[in-house]
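K.L.:
Dumping the structure here so I can ask a few things about it.
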Amino acid sequence: MTLKLELLLLLCSCSFAGLGFAVHGHGEEALVVFYELKKDKVIKPNHITFVGNLSACGHEVYLELGHDIFYLKKEVYNVEPRIKHYGCRVDILGRGGKLEEAEELIRGMPWEADIVI
């Protein structure tokens, strides 16, 4: 197995582990996976990693951390926002009682809001 393939498998494993934790209500564990990836700088998080992290922030209602991660993905990792990222951000704001901010975010999206949003 080549080093490139090993790194790709590691990224997929970490991304899906973080997403799995987040989906099953273990937000803190999902964020630990992310911060370990970030700290080690061995592999670059992808859009799946950010869906997991934003989902984890929603489950834990981490308003500020969710905001930071939402903008970090583009500014630091050059991961273009996708509608799922916006959906997670809207969820975080809604759970945190920030409905006006959620509406502003929805109005500013580059896409038409779908049924999930």
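Each residue of the sequence shown is one higher than the one before, starting from -17 at the first, in this note's numbering.
Glycine included, each C-beta is placed from N, C-alpha and C at the ideal position.
As the structure is a prediction and not an experimental result, all values here were calculated from the model.
Check whether the stretch 37 to 44 touches the stretch 54 to 63, counting contact only when three or more Cβ pairs, one atom from each stretch, lie closer than 8 Å.
P.N.:
With the cut-off at 8 Å, the stretch 37 to 44 and the stretch 54 to 63 do not touch.
K.L.:
Considering only the beta carbon of each residue, do residue 88 and residue 72 sit closer than 8 Å?
P.N.:
As a first step, residue 88 is located in the sequence shown; it is residue number 106 there, counting from the start. As a first step, residue 72 is located in the sequence shown; it is residue number 90 there, counting from the start. Cβ distance < 8 Å, so residue 88 and residue 72 count as in contact.
K.L.:
Given that a residue counts as buried once 16 or more other Cβ atoms are within 10 Å of its Cβ, and exposed if not, what is residue 48?
P.N.:
Position 66 of the sequence shown, counting from 1, holds the residue named residue 48. Label assigned to residue 48: buried.
K.L.:
Measure the C-alpha to C-alpha separation of residue 29 and residue 53 and round it to an integer number of angstroms.
P.N.:
Counting from 1 along the sequence shown, the entry for residue 29 is found at position 47. Counting from 1 along the sequence shown, the entry for residue 53 is found at position 71. Approximately 12 Å between the Cα atoms of the pair.
K.L.:
Could you check whether residue 93 and residue 51 sit closer than 8 Å to each other, using their CB atoms as the reference points?
P.N.:
In the sequence shown, residue 51 corresponds to position 69, counting from 1. In the sequence shown, residue 93 corresponds to position 111, counting from 1. Taking 8 Å as the Cβ cut-off, residue 51 and residue 93 do not qualify as a contacting pair.
K.L.:
Looking at C-alpha atoms only, which residue of 81, 68, 75, 77 is the closest neighbour of residue 90?
P.N.:
Indexing the sequence shown from 1 puts residue 90 at position 108. The residue with the shortest Cα to Cα distance from residue 90 is 68.
K.L.:
Alpha helix (DSSP H) containing residue 96: first to last residue?
P.N.:
Within the sequence shown, numbered from 1, the residue matching residue 96 stands at position 114. Careful: residue 96 lies outside any alpha helix (DSSP H) and carries neither H nor E.
K.L.:
Could you compute how far the alpha carbon of residue 32 sits from the alpha carbon of residue 26?
P.N.:
Counted from its first residue, the sequence shown places residue 32 at position 50. Counted from its first residue, the sequence shown places residue 26 at position 44. Each residue's alpha carbon lies about 11 Å from the other.
K.L.:
Buried or exposed: which applies to residue 75, given that a residue is buried once 16 or more other Cβ atoms fall within 10 Å of its Cβ?
P.N.:
For the purposes of this step, residue 75 is identified with residue 93 of the sequence shown, where counting begins at 1. The residue in question, residue 75, is buried, as its Cβ has 16 or more Cβ neighbours within 10 Å.
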